[in-house]
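Input: a single structure, listed below in structure tokens.
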Amino acid sequence: MPGWHWQPYASADDVNGRRVAEFPDWLADLGRRALVEAYEDETAGDGYAPDTALINFYDSQAKLGMHQDKDERSSAPVVSLTIGDSCVFRFGNTETRTKPYTDLELASGDLFVFGGPSRYAYHAVPKIHPGTGDPATGLASGRLNITMRVTGLNDGQARP
Ligand code: MD6
Ligand code: FE
Numbered sequence: 268m269p270g271w272h273w274q275p276y277a278s279a280d281d282v283n284g285r286r287v288a289e290f291p292d293w294l295a296d297l298g299r300r301a302l303v304e305a306y307e308d309e310t311a312g313d314g315y316a317p318d319t320a321l322i323n324f325y326d327s328q329a330k331l332g333m334h335q336d337k338d339e340r341s342s343a344p345v346v347s348l349t350i351g352d353s354c355v356f357r358f359g360n361t362e363t364r365t366k367p368y369t370d371l372e373l374a375s376g377d378l379f380v381f382g383g384p385s386r387y388a389y390h391a392v393p394k395i396h397p398g399t400g401d402p403a404t405g406l407a408s409g410r411l412n413i414t415m416r417v418t419g420l421n422d423g424q425a426r427p
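In terms of the numbering used here, the sequence shown opens at residue 268 and continues consecutively.
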């Protein structure tokens, strides 16, 4: 990060050399349900078709500085999921990487939607709370963050 290491249908040669996995339907379904709940609008998920999931692992020391998610060519919402350790999530404003911002706690199972006026809000992860995750998630330690996105970069053409 930032930038895109991989393309759909290509191999992830800087990680494991395997073909980048298809975006799972169940994850897109979860994204649509997230929009319905976040906007309290049964139609809010209609047509939402995320094509890319970025998965970041945070160890107990990891931090992510203030940034906007603006590599996408689409202003469709970004849906973020937390698994494992909880963290402090700093949700800022769209103008500056400084105050005003709100610090909130994201715990395993929480889902956060960046959409509408908050789509380009600055945000950060200043702190992980080590040891707060439930090993029943399958993650013994640390935090996984999955963000699903409509990149607008994918032409939708399947390649061999
Ligand atoms: C989070 N993640 O971990 C917030 N942004 O709660 C991000 O802000 C993020 O994980 C861009 C790319 C990957 C990310
Ligand atoms: Fe981000």
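Beta carbons are placed, not taken as given, at the ideal position from N, Cα and C, and that holds for glycine. Owing to the predicted nature of the structure, the values given are computational and were not obtained by experimental measurement.
- Looking from the CA of Q335, the closest CA among Y315, A329, F358 belongs to F358.
- Between the C-alpha atoms of L420 and Q274 there is a straight-line separation of about 9 Å.
- Taking all protein chains shown into account, G284 has fewer than 16 neighbouring C-beta atoms within 10 Å of its C-beta and is therefore exposed.
- For D336, the shortest separation between its Cβ and any heavy atom of the ligand FE lies below 7 Å.
- Collapsing the DSSP output to three states places V303 in a helix.
- CA-to-CA, the gap between D352 and N412 works out to about 10 Å.
- Short of 7 Å from the beta carbon of Y387, and not among the five residues preceding or following it, lie these beta carbons of its own chain, in chain order: Q335, K337, T361.
- The Cβ atoms of F356 and L371 sit closer than 8 Å to each other.
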